[in-house]
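Line by line, the protein sequences give chains A and B. Residue numbering for the first sequence follows our numbering, starting at 19 and increasing by one per position. Residue numbering for the second sequence follows our numbering, starting at 416 and increasing by one per position. What follows is a single structure, written as structure tokens, with notes after it.
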Amino acid sequence: MAADVESSLELSLSSSYVGPLPPPRSRILKIIVIGDSNVGKTCLTYRFCAGSFPKRTEATIGVDFRERAVDIDEERIKIQLWDTAGQERFRKSMVQHYYRNVHAVVFVYDMTNIASFHSLPLWIEECKQHLLTNDIPRILVGNKCDLRNAIQVPTDVAQKFADTHGMPLFETSAKNPNDNDHVEAIFMTLAHKLKSHKSLMLSQLPDNTIHLEPASKPTMTCWC
Amino acid sequence: MAQPRPPRLHDNGGRDFDAKQKRKIAEIYQVLNNEPVDIAPLRRMAISEGGLLVDEIRCKVWPKLLNVNIDDLLPTPEEELRENSKDYQQVLLDVRRSLRRFPPDMPDEQREGLQEELIDCILQVLQRNPQLHYYQGYHDIVVTFLLVVGERVAATLVEKLSTHHLRDFMDPTMDNTKHILNYLMPIIDQVNPDLHDFMQRAEVGTIFALSWLITWFGHVLSDFRHVVRLYDFFLACHPLMPIYFAAVIVLHRASEVLACDCDMASVHHLLSQIPQDLPYETLISRAGDLFVQFPPSKLAQEAAQQQAERTAASTFKDFELASAQQRPDTILRQRFRERLRAEESAKSLLATKPRTNRFVKLAVMGLTVALGAAALAVVKSALEWAPKFELQIFP
């Protein structure tokens, strides 16, 4: 599993070698966002990357990509969000290419749609098949919490599910302007955790070689 | 037959342009007025500059291109259509979110009515053809027909289209769709091997073109006039033409692609943001040209090998990374070239062969007009497109 993480970082760092002295590269965190159709994956990723709720979103066909650079402890890190199609037929043969080298997985369900919650075991299973390791951080996001009168997935049920699978749970709304900090916090927490993740630490590359710190066994923690 | 009302022409070409279009409209009506209607000239005119020009003509010609008799339309859908459909929920979700497909100045009420019709139209075709499976993006195609020809004719045309052009996309799995996407890189390779190599090294894959292919660009182009222009072209051509058009767009943006970071994210991001000001007429004729030069039969084998090649490419990439300090670009590219040399010479054969009989082929496929009225221009553009091959033929 460490090998996977290493190779992904090698790709991130060395992919655009342009001259004898490569410019300082910001590290890249690749996060894949998955879940049923219409749970709000596009809105969540858009919210984080553009800072607002998109006026109109459409069905995502295949895979969309959004990116945002953040500074964490004075280091610039690029957070790449890969927003995937929810329809089952796409994920079966199309999406697996995008699981490669991901650093984290975000599962999304719609709090007002119990079916999208019930699909989660399928998504988790699917994810296991594509990722060779269980050590990649995963988080669970219940979206649309602003629709209070329509909630079908009680928090305690979701929390229990999240605990069973060793994932932190966040309930949020990509739409509610008051929740902007919250959406921000979800991804920033993830970025902070990944940054301090031992297996992800690496020196910059002044001498064109890539040193990786010995990967220590990461422990899964709840970040709630 | 109603007289054509003056079309809504754009003011970009001046009088000549205007006159040319008027002439074309008259020609199309002339063909339509003869019984039985000769389809070949209609196909040619759907491909050639401007396509079918106005929706009024599209209403008449699209059914002909699909060989649909508009006196024999699908019946009105039954009452229980929605209850009996396993796809209703998904279709509903997708149609509700498809606001961008409707003209921005359309009143909400009218749009909502059309959205209801859109749902019924999709479900009816699916219900009548249980072998067809709904995919997200299908609604982008159906809405185009709905907006141009109206509900009843749309359902009938879309049924025909779904059992023919879109058939592969509607299989139980997307394996065949993936296979069609596998044509993309070989086409690019034929014209611009450097671009092809760059994209392979970036491991960008082909998913950036997925929505282009399965919606016939309806999902990604915001100007409806461009969408219908492309539909004229695709309806008149081989079902694989959209993948040639996708390749032509990538080739058109070669310098942008080569200037971006050679990694999956950067290249995917660049290519999936399709520019809205593409020179459509030029690209259409290039796509037609490429289709003639490298027909699907020629590319089939390479497309089938894409999977194996991809494995080879990633091995190569590891090798490249391992030798990061040995001026990889020079050395590895030389080695890569050596490996490709055999293939390249095979390709130059491939490129010369069709040229000898291309005019025969053009006539057969009805592409002549797509390639420009003047044959000279055709040859010239072909030379511009394949300078590498020319050099190899005449060293």
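Think of the CB as a built atom: it goes at the ideal place given N, C-alpha and C, for glycine as much as any other residue.
Open item on the list: Let me make sure I understand the geometry here. Which of F205/A, E85/A, L187/A and H183/A has the alpha-carbon closest to that of E143/A?
Closed with: Counting from one through the first sequence, the residue named residue 143/A turns up at place 125. Among F205/A, E85/A, L187/A and H183/A, the Cα nearest to that of E143/A is on H183/A.
TODO: Could you give the DSSP three-state label for A455/B: helix, strand or coil?
DONE: Working through the second sequence from its first residue, we reach residue 455/B at position 40. Residue state, collapsed to three classes: helix.
- [ ] Return the first residue and the last residue of the beta strand (DSSP E) that K73/A is part of.
- [x] What you label residue 73/A is simply residue 55 of the first sequence in a count that begins at 1. In the DSSP assignment, K73/A falls outside any beta strand (DSSP E), carrying neither H nor E.
Task: Interface residues of chain B facing V81/A [CB-CB closer than 7 Å] - done: Counting from one through the first sequence, the residue named residue 81/A turns up at place 63. Ordered by position in chain B, the residues that pass the 7 Å Cβ test against V81/A are I622.
TODO: Please list the partners that D590/B has in chain A, where partner means a Cβ-to-Cβ separation under 7 Å.
DONE: As a working mapping, residue 590/B is identified with position 175 in the second sequence. The answer, in chain order, is S111.
Open item on the list: As a quick exercise: from Q445/B, S463/B and R430/B, pick the residue whose alpha carbon is nearest that of D647/B.
Closed with: Translated into positions along the second sequence, residue 647/B becomes position 232. The residue with the shortest Cα to Cα distance from D647/B is S463/B.
Open item on the list: Under 8 Å: do the stretch 193-204 of chain A and the stretch 64-74 of chain A share three or more Cβ pairs, one atom per stretch?
Closed with: yes
Task: Burial state of S70/A, where buried means 16 or more other Cβ atoms lie within 10 Å - done: The count along the first sequence starts at 1 and reaches residue 70/A at position 52. Per the 10 Å Cβ criterion, exposed.
TODO: Starting from G160/A, follow its DSSP beta bridges and name the residues at the other end.
DONE: In the first sequence, the residue the question calls residue 160/A occupies position 142. Paired residues: Y127/A and E189/A.
Open item on the list: Classify R640/B: buried if its beta carbon has 16 or more other beta carbons within 10 angstroms, exposed otherwise.
Closed with: Here residue 640/B is taken as the residue at index 225 of the second sequence, counted from 1. Answer is exposed; the Cβ neighbour count stays below 16.
TODO: Using a Cβ-Cβ cut-off of 8 Å, state whether F135/A counts as contacting chain B.
DONE: Position 117 of the first sequence holds residue 135/A. No, no contact with chain B.
TODO: Within its chain, find whatever has a CB closer than 7 Å to the CB of H634/B; leave out the 5 residues flanking it on each side and keep chain order.
DONE: The residue labelled residue 634/B in the question sits at position 219 within the second sequence. For H634/B, where only same-chain residues beyond five positions count, the Cβ hits under 7 Å are G552, D555 and S626.
Task: Any chain A beta carbon closer than 8 Å to R512/B - done: Residue 512/B sits at position 97 when you count from the first residue of the second sequence. Output row for R512/B: interface = yes.
Open item on the list: For a quick check, are the C-beta atoms of L140/A and Y117/A less than 8 Å apart?
Closed with: Position 122 of the first sequence, counted from the start, is the residue given in the question as residue 140/A. Position 99 of the first sequence, counted from the start, is the residue given in the question as residue 117/A. In this structure, Y117/A does not lie closer than 8 Å to L140/A by Cβ.
Task: the stretch 608-620 of chain B / the stretch 534-545 of chain B touching (three or more Cβ pairs under 8 Å) - done: no
TODO: Determine the direct distance from the alpha carbon of E717/B to that of V159/A, and round the result to whole angstroms.
DONE: By 1-based counting over the first sequence, the position of residue 159/A is 141. By 1-based counting over the second sequence, the position of residue 717/B is 302. Roughly 43 Å separates the two Cα atoms.
- [ ] Excluding the 5 residues preceding and the 5 following I485/B in the sequence, name in chain order all residues of the same chain whose CB lies nearer than 7 Å to its CB.
- [x] Translated into the one-based positions of the second sequence, residue 485/B becomes position 70. P478 and V568.
TODO: Could you tell me which residues DSSP puts in a beta bridge with A122/A?
DONE: By 1-based counting over the first sequence, the position of residue 122/A is 104. Paired residue(s): I49/A.
TODO: For H579/B, count neighbouring C-beta atoms within 10 Å of its own C-beta (all shown protein chains included) and say buried if the count is 16 or more, exposed if not.
DONE: By one-based count along the second sequence, residue 579/B stands at place 164. H579/B should be labelled exposed.
Task: Exposed unless 16 or more other CB atoms sit within 10 angstroms - verdict on A176/A - done: Within the first sequence, residue 176/A is the residue found at index 158, counting from 1. A176/A is buried by the Cβ-count criterion.
Open item on the list: I'd like to know if Q551/B contacts chain A, where contact means its C-beta is closer than 8 Å to some C-beta of that chain.
Closed with: Residue 551/B sits at position 136 when you count from the first residue of the second sequence. Yes, contact with chain A.
Open item on the list: Rounding to the nearest angstrom, what Cα-Cα distance links D164/A and T190/A in this structure?
Closed with: To locate residue 164/A, count along the first sequence from 1; it is residue 146. To locate residue 190/A, count along the first sequence from 1; it is residue 172. Each residue's alpha carbon lies about 8 Å from the other.
- [ ] Counting only the same chain and skipping the five closest in sequence on each side, list residues whose C-beta sits under 7 Å from that of S44/A.
- [x] On the first sequence, position 26 is the one that residue 44/A refers to. Around S44/A: A87, R94, I95 and K96.
Open item on the list: Strictly by DSSP, which residues pair up with D89/A?
Closed with: One-based indexing of the first sequence puts residue 89/A at position 71. Answer by DSSP bridge pairing, in chain order: R94/A.
TODO: Would you mind telling me which residues of chain B sit closer than 7 Å to T75/A, beta carbon to beta carbon, in chain order?
DONE: Residue numbering aside, residue 75/A sits at position 57 when the first sequence is read from its first letter. The contacting residues are R512.
Open item on the list: Which of the three DSSP states is assigned to W627/B in this structure?
Closed with: Here residue 627/B refers to the residue found at position 212 when the second sequence is read from its first residue. In the three-state reduction of the DSSP assignment, W627/B falls in the helix class.
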